[in-house]
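Numbering (this note's numbering), first residue to last: 75 to 292.
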């Protein structure tokens, strides 16, 4: 039988001298080293550069090489992502307090490699924030006026006529569209939702109820 793979001991939290990945202070022979990270056209303080990382350090360097922001990989405490923006919380170099590195301009497809790097090199999972839908008062007012106008057209049509049935169908489509939009808003920004519907003594809710309660449907 083949002998088991030899294990080389290495200090915890430090890369093995052999260059292979360390797991729990041990490095297994034949394990590939961690892949380095390099992303170009990344912005820091409005300047373009490249974002790089390896087992020892992570940072950003301006395109001309004249300015850089570098931190030890094991100094990273948290990392957060939102639509191509990356924020990294690191221990300050002097050991007192912390520092946030702000980087912008990433493409959506960069996220997986960035997440994998921080998980392997820093022991940190990048938190990915998603855009939260917020209800806009002007958009809702526009939709509500359209609903009111459609209800008026239904009431004006002769009872039992094809015109009335067609206008009822148009009204139903508007109601369904408004319902779908409200479903999204309810699962999004709750504060924006509250501001829209609590304004002027909940006037918007009252108008909506009036339309639905008084329209003459068949």
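Quick reminder that beta carbons are idealized off the backbone N, C-alpha and C, glycines included.
Thinking residue i and residue j are a contact (beta carbons under 8 Å), I'd like their distance in whole angstroms, please.
i	j	result
residue 270	residue 222	So it is not a contact: roughly 17 Å between Cβ atoms.
residue 243	residue 224	Not a contact, Cβ separation roughly 10 Å.
residue 200	residue 153	4 Å
residue 181	residue 161	The pair is not a contact, with the Cβ atoms about 17 Å apart (cut-off 8 Å).
residue 146	residue 130	7 Å
residue 126	residue 112	5 Å
residue 115	residue 169	That belief does not hold up - the Cβ atoms of residue 115 and residue 169 are roughly 33 Å apart, past 8 Å.
residue 229	residue 289	7 Å
Classify residue i: buried if its beta carbon has 16 or more other beta carbons within 10 angstroms, exposed otherwise.
i	result
residue 204	exposed
residue 276	exposed
residue 188	buried
residue 106	Note on residue 106: pLDDT 45, under 50, position unreliable in the model; the coordinate value appears next. Per the 10 Å Cβ criterion, exposed.
residue 282	buried
residue 233	exposed
residue 123	buried
So, for residue i: in the same chain, excluding its five sequence neighbours on each side, which residues have a beta-carbon less than 8 Å away from its beta-carbon?
i	result
residue 273	211
residue 248	217, 220, 221 and 224
residue 185	155, 200 and 202
residue 166	172 and 173
Look up residue i in the DSSP assignment and give the residues it is bridged to.
i	result
residue 201	154
By Cβ distance below 6 Å, which residues in the same chain neighbour residue i in space, the five residues on each side in sequence not counted?
i	result
residue 128	110
Under 7 Å Cβ to Cβ from residue i, same chain only, skipping five residues before and after it: list those, please.
i	result
residue 231	237, 238 and 241
Open item on the list: Ignoring anything shorter than 4 residues, give me the alpha helix (DSSP H) runs that lie fully in the region 219 to 261, in order along the chain.
Closed with: 236 to 260
Task: Length-filtered (3 minimum) beta strand (DSSP E) runs lying within the region 110 to 190 - done: 111 to 118, 121 to 127, 131 to 136, 142 to 146, 150 to 156, 159 to 165 and 172 to 177
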